[in-house]
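In our numbering, the protein residues as written are 31 to 252.
Below: the structure, in structure tokens.
Structure follows, in structure tokens:
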């Protein structure tokens, strides 16, 4: 299979009928024989996958051979998203994001970077330079953020302990709240689980989107 980008198409109406019409019109405009269409791959949004008025169903009414397959990478992302709705996991994600936001100011970031450099000299050979924000939509891509947070954990704890003593009340109070959250057993267990599981989901996601994969291999990968 050869995959090639065609073009971006602006739309005003995102209903299934409108999108289906746009797809058919654009393909015809590019002189692509739609009668040879054998497959459609979209995410699971109702406008795309709806059995009656979704893009896939409407196109298949005209071209029955165009089978619809829910994108495997999107399916994986949804599975991870649902799993992360478990309270302990969800709270841990929120705490990781809160730490990123808290440290992401010039003064706090400079302080953190100084102690991170010291940590790298003594305890870790990591080549990562800074904390990463959690991706808000692609859950399988959160592995790098969690992995980095896990590696920088000692430096984060040290900085929060130091910031508690700062005269800035806003900084000291928030640092104390975050420190208590990071020192809880529930947070540490959940962080360890996330770091372990995300290793597999990220590699699987990349594999499902590799150039040489086919449908049979994708199904067996699950």
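A virtual CB, placed ideally from N, CA and C, is assigned to each residue, including glycine.
From a predicted model like this one, the values you see are computed outputs, not experimental measurements.
Residue 173 sits buried, since 16 or more C-beta atoms from the chains shown fall within 10 Å of its C-beta.
If only uninterrupted alpha helix (DSSP H) runs of at least 4 residues are considered, those enclosed by the region 38–66 are 46–59. The beta carbon of residue 52 sits closer than 8 angstroms to those of 39 and 41, all from its chain and outside the five residues before and after it, given in chain order.
If the five residues before and after residue 81 are omitted, its C-beta is found closer than 8 angstroms to the C-beta atoms of 87, all from its own chain and listed in chain order. Each residue's CA atom was taken as its position, placing residue 120 and residue 145 some 28 angstroms apart. Boundaries of the alpha helix (DSSP H) around residue 149: 136–152. In the DSSP assignment, residue 98 forms a beta bridge with 70. The distance from the Cβ of residue 101 to that of residue 71 is about 5 angstroms, consistent with a contact at the 8 angstroms cut-off.
A direct Cα-to-Cα measurement between residue 112 and residue 198 gives close to 39 angstroms. Bounds of the alpha helix (DSSP H) holding residue 180 are 173–181. For residue 130, the enclosing alpha helix (DSSP H) begins and ends at 117–133. Sorting 244, 216, 232 and 84 by C-alpha distance to the C-alpha of residue 118 places 216 at the top. For the set 108, 78 and 107, the Cα lying nearest the Cα of residue 99 is the one of 78.
Going by beta carbons, residue 89 and residue 54 fall inside the 9 angstroms limit. Per DSSP, the continuous alpha helix (DSSP H) segment holding residue 207 begins and ends at 199–212.
Annotation for residue 74: 100 place their beta carbon closer than 6 angstroms to its own, counting only its chain and skipping 5 residues before and after. Within its own chain, the residues whose Cβ lies closer than 8 angstroms to the Cβ of residue 126, once the five positions on either side in sequence are excluded, are 164, 175, 176, 179 and 221, listed in chain order. Within the same chain, no residue comes within 6 angstroms of residue 242 by CB-CB distance, once the 5 residues on both sides are set aside. When the Cα atoms are used, residue 207 and residue 200 turn out to be separated by approximately 11 angstroms. Residue environment analysis places residue 232 among the buried positions, since at least 16 neighbouring C-beta atoms fall within 10 angstroms of its C-beta.
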